[in-house]
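**Q** Sharing a structure below in structure tokens format, with a few things to ask.
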Amino acid sequence: MQSIRALRALRALLCLWFGLCAVCVSAAAAPVATVTALVGNVAIQSASGAQRLAAIGGGIDNGDTVETSAGSEIVMIFTDHQRVYLKPGSVFRVDNFNYAPADASQDRSFLSLVKGGLRMLDGLVASQGKGDNYKVKTPTSTIGIRGTEYSVTDCGESVTCQGDQIVVFAGEIVVSNDVEKRIVRAGEGVIVASVGAPLRILPASRVTPVVPSAACR
Numbered sequence: 346m347q348s349i350r351a352l353r354a355l356r357a358l359l360c361l362w363f364g365l366c367a368v369c370v371s372a373a374a375a376p377v378a379t380v381t382a383l384v385g386n387v388a389i390q391s392a393s394g395a396q397r398l399a400a401i402g403g404g405i406d407n408g409d410t411v412e413t414s415a416g417s418e419i420v421m422i423f424t425d426h427q428r429v430y431l432k433p434g435s436v437f438r439v440d441n442f443n444y445a446p447a448d449a450s451q452d453r454s455f456l457s458l459v460k461g462g463l464r465m466l467d468g469l470v471a472s473q474g475k476g477d478n479y480k481v482k483t484p485t486s487t488i489g490i491r492g493t494e495y496s497v498t499d500c501g502e503s504v505t506c507q508g509d510q511i512v513v514f515a516g517e518i519v520v521s522n523d524v525e526k527r528i529v530r531a532g533e534g535v536i537v538a539s540v541g542a543p544l545r546i547l548p549a550s551r552v553t554p555v556v557p558s559a560a561c562r
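In the numbering used here, the protein residues as written are 346 to 562.
As structure tokens, this is what we get:
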């Protein structure tokens with residue numbers, strides 16, 4: 346009788362263990378964003394190195410790197426309603442994103458624009474979470490947010506523009522590099538020539554914006 350009870354107890358423990366594992370796997374697998382608009386072929390590489398093509402309705406996970414080719418664009422909506430558009434020729438990485446509706450202290454949005462350009466409309470993580478828990482890294486600067494819409498163009502080796510060109514369409518952002526930190530407001534732009542160069546604040550009309558095609562607006 347004791348052996349039967351012990352066996353039943355073991356089975357119960359195993360069921361509980363596998364149930365908890367299933368919950369953990371499900372939570373880990375939940376996408377942090379969904380593709381809502383797409384032009385051309387957009388490649389996604391997971392943190393493990395696995396590659397796939399983006400598709401409307403498909404998920405974006407933590408650690409994913411999204412790359413648009415010369416004729417491609419994509420729009421991603423994160424679980425906090427943050428909207429990210431990538432222009433052609435861009436590389437973008439989701440470093441660490443979490444939206445916890447019941448506990449804003451657990452919110453975080455750490456993203457990287459490796460090259461190219463993006464246009465961002467913030468979501469609930471930016472407006473409700475801690476300011477330090479939102480960062481967008483670019484080749485020359487770091488952007489913090491205060492509730493806004495803005496775009497970033499990384500000029501790379503282009504001869505028609507220089508450094509990072511950031512335009513604020515609504516609200517305001519905080520832009521910093523190794524030597525300076527500035528608030529940039531709606532109607533303004535900033536040029537960040539390098540990580541060690543002073544920030545140049547200009548009227549938005551004098552800074553290169555990111556303009557989505559009609560299919561991605």
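Beta carbons are placed, not taken as given, at the ideal position from N, Cα and C, and that holds for glycine.
Relative to the alpha-carbon of residue 379, which residue among 437, 402 and 508 has its alpha-carbon at the smallest distance?
**A** In the sequence shown, counting from the first residue as 1, residue 379 sits at position 34. For residue 379, the nearest C-alpha among the options comes from 402.
**Q** On a CA-only basis, which of 547, 530 and 520 is nearest residue 540? Give me that one, please.
**A** On the sequence shown, position 195 is the one that residue 540 refers to. That would be 520, whose Cα lies nearest to the Cα of residue 540.
**Q** Measure the alpha-carbon distance for residue 554 versus residue 497 and round it to whole angstroms.
**A** Looking up residue 554 in the sequence shown gives position 209. Looking up residue 497 in the sequence shown gives position 152. One C-alpha to the other measures close to 7 Å.
**Q** Going by beta carbon distance, what residues of the same chain come within less than 6 Å of residue 532, once the five residues before and after it are set aside?
**A** For the purposes of this step, residue 532 is taken as residue 187 along the sequence shown, with counting starting at 1. Within the same chain, residue 532 has close Cβ partners 549.
**Q** Comparing C-alpha positions only, which one of 490, 511 and 494 sits nearest to residue 293?
**A** Nothing about residue 293 can be read from this structure; the chain reaches only from 346 to 562.
**Q** Considering residue 556, what are the terminal residues of the beta strand (DSSP E) in which it resides?
**A** Here residue 556 is taken as the residue at index 211 of the sequence shown, counted from 1. Element bounds for residue 556: n/a, residue is neither H nor E.
**Q** Assuming residue 454 contacts residue 471 under a Cβ cut-off of 8 Å, what Cβ separation, rounded to an integer in Å, is found between them?
**A** Within the sequence shown, numbered from 1, the residue matching residue 454 stands at position 109. Within the sequence shown, numbered from 1, the residue matching residue 471 stands at position 126. About 7 Å separates the two Cβ atoms, so the contact holds.
**Q** Can you grab the Cα-Cα spacing for the pair residue 446 / residue 505, in whole Å?
**A** Walking along the sequence shown from the start, residue 446 turns up at place 101. Walking along the sequence shown from the start, residue 505 turns up at place 160. Distance between the alpha carbons of residue 446 and residue 505 is about 43 Å.
**Q** Indicate the three-state DSSP secondary structure (helix, strand or coil) for residue 491 in the structure shown.
**A** Counting from one through the sequence shown, the residue named residue 491 turns up at place 146. Residue state, collapsed to three classes: strand.
**Q** For residue 495, which of 543, 411 and 465 has the nearest alpha-carbon?
**A** Against the sequence shown, residue 495 aligns to sequence position 150. Of 543, 411 and 465, the residue nearest in Cα terms is 465.
**Q** Please name the residue, chosen from 503, 405, 479 and 382, that lies closest to residue 392 on a Cα-to-Cα basis.
**A** Here residue 392 refers to the residue found at position 47 when the sequence shown is read from its first residue. In this structure, 405 is the residue among 503, 405, 479 and 382 with its C-alpha nearest to the C-alpha of residue 392.
**Q** From the DSSP output, which residues share a beta bridge with residue 405?
**A** Mapped onto the sequence shown, residue 405 falls at position 60. BP columns for residue 405 point to 378.
**Q** Can you tell me which of the three DSSP states residue 551 falls into?
**A** By 1-based counting over the sequence shown, the position of residue 551 is 206. In this structure, residue 551 counts as helix in the three-state DSSP scheme.
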